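What follows is a short report on a single structure.
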Amino acid sequence: MTTPRVRAAAALGCLGLAALCLNACGGTPTATSEKPSAAASAANAGGIRALVAAAKKEDRLTAIALPGDWADYGGLIDGFEKKYGIKVTVEDPYAHSQDEINALSRGNRPTAPDVIDVGDAFARAAARQNLLAPYKVEAWDAIPANQKDQGAHWANNYGGYISIGCDAGRVRPCPGTFADLLKPAYRGMVALEGDPTRAESGFAGVYAAALANNGSFDDIRPGLDFFARLKRTGNFNATQSTSATIEAGRTPISINWDFLNLGYANQLRGKGVNWQVAIPFHGSFAQYYAQAINKDAPHPAAARLWEEYLFSTQGQNLRLHGHARPVLMDVMQKEGTLDKAAAARLPMVEGTPQFPTDAQLEKARQTVARGWTAAVSG
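Going letter by letter, the sequence shown gives residues -24 to -1, 1 to 354 in mature numbering (1 follows the signal peptide of the UniProt record, and there is no 0).
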């Protein structure tokens, strides 16, 4: 059973947005229709119907780093394949954000990823490297301004809060705060989902630790100092935390997104694992994951149709089934299209989420890139 430490409700998102308009039919092709590889919107491609037809001709979509148990990508991929008859292939499903950028950097290849899902700090880096195609989904105007690139190279789709997951069958009592993680009882137990220099989840874990230890969006250094202390006490576990390592007892405590930890709780309950989840009051950190299209996508129409699907009402509600908070949640709630039952299962959290600026994220990313290895070495 999960035990989120919570007080007042707060959804990721922004209130007072313009109404969400998703045109399921699209218009008829226009004389100025672009090829899918050049289309910056469905309208540019001749409308949704024309985009669907072009994507079906391509017959496939290549993705990367999309495990089925991550924010309900299993359900999303199944839904996309059934709706459009387009096969989705996921290369290296457990890769991290930097691995995705590296895959795009290899240039125009038939096996290159068509689309990526990365932390927004990594999305900004990919845009600076001119790796992404500009594209505005039909729901573009409803996406909060601080959750999308002004040049339309990426847009955030879903997010969550950093949480602490714990195998209550192996650990007593389970920790609920970052300060707890330093206790001698947790020797060799505390893991991250990925290396903070390569994975957004690990990077966010360091940011949350910084906020819990007198750091700020401007100063992530206390987060590195925290993990250095965790290493010195013998509590840090360098194993990458996954559902498999949790089930095997190799990572009994995991700092990770709430949507992943909550998903593991459901997934492993039938296997005898009592995975509990706490969202710390101190060190509360929320962030989104961005969607983007490879500028050299081998299947450009399918790539654009995939983005439309992820930002549609259907796609956004499926995020809720994976315990993630859809970026259009507030708009859908106002319009009555939100899956209320699924939304009610999200943990309630304290306060209104705040997000670092682009400059703060880049400074923090550089600090972690320079300091992580030294913090946990030895």
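Think of the CB as a built atom: it goes at the ideal place given N, C-alpha and C, for glycine as much as any other residue.
Computed from a predicted model, the values in this text were never measured in an experiment.
In the three-state reduction of the DSSP assignment, Leu158 falls in the helix class, which pools H, G and I. Residue burial is scored here from C-beta neighbours: Lys159 has fewer than 16 other C-beta atoms within 10 angstroms and is therefore classed as exposed.
Secondary structure note for Gly136: its beta strand (DSSP E) is the uninterrupted segment Ala131 to Asp143.
The residues Thr173, in chain order, have a CB closer than 6 Å to that of Ala345 in the same chain once the five nearest residues on each side in sequence are set aside. With a cutoff of 8 Å on beta-carbon distance, Gly191 and Gly178 are scored as not near each other.
Taking C-beta separations shorter than 7 Å and ignoring five residues to either side along the sequence, the partners of Ala47 in its chain run Tyr134, Phe235, Arg295, Gly298 and Ala300, following chain order. By the neighbour-count criterion, in which 16 or more other beta carbons inside 10 Å mark a residue as buried, Pro149 falls on the exposed side. A residue is called buried when at least 16 other Cβ atoms come within 10 angstroms of its Cβ; Ser81 does not meet this threshold and is exposed. In the structure shown, Ala268 falls within a strand segment according to DSSP collapsed to helix, strand and coil. DSSP, read as helix, strand or coil, puts Leu238 in helix. Nearest C-alpha to Leu337 among Phe261, Arg208 and Ile231: Phe261. For Gly239, the CB contacts under 7 Å within the same chain, skipping 5 residues up- and downstream, are Asp45, Gly298 and His299 in chain order.
In this structure, the beta-carbon distance from Ser219 to Glu169 does not fall below 8 Å.
A residue is called buried once 16 or more other Cβ atoms fall within 10 Å of its Cβ, and Gln252 is buried on that count. Contact between Gln267 and Leu286 holds: their C-beta atoms lie close to 6 Å from each other, under 8 Å.
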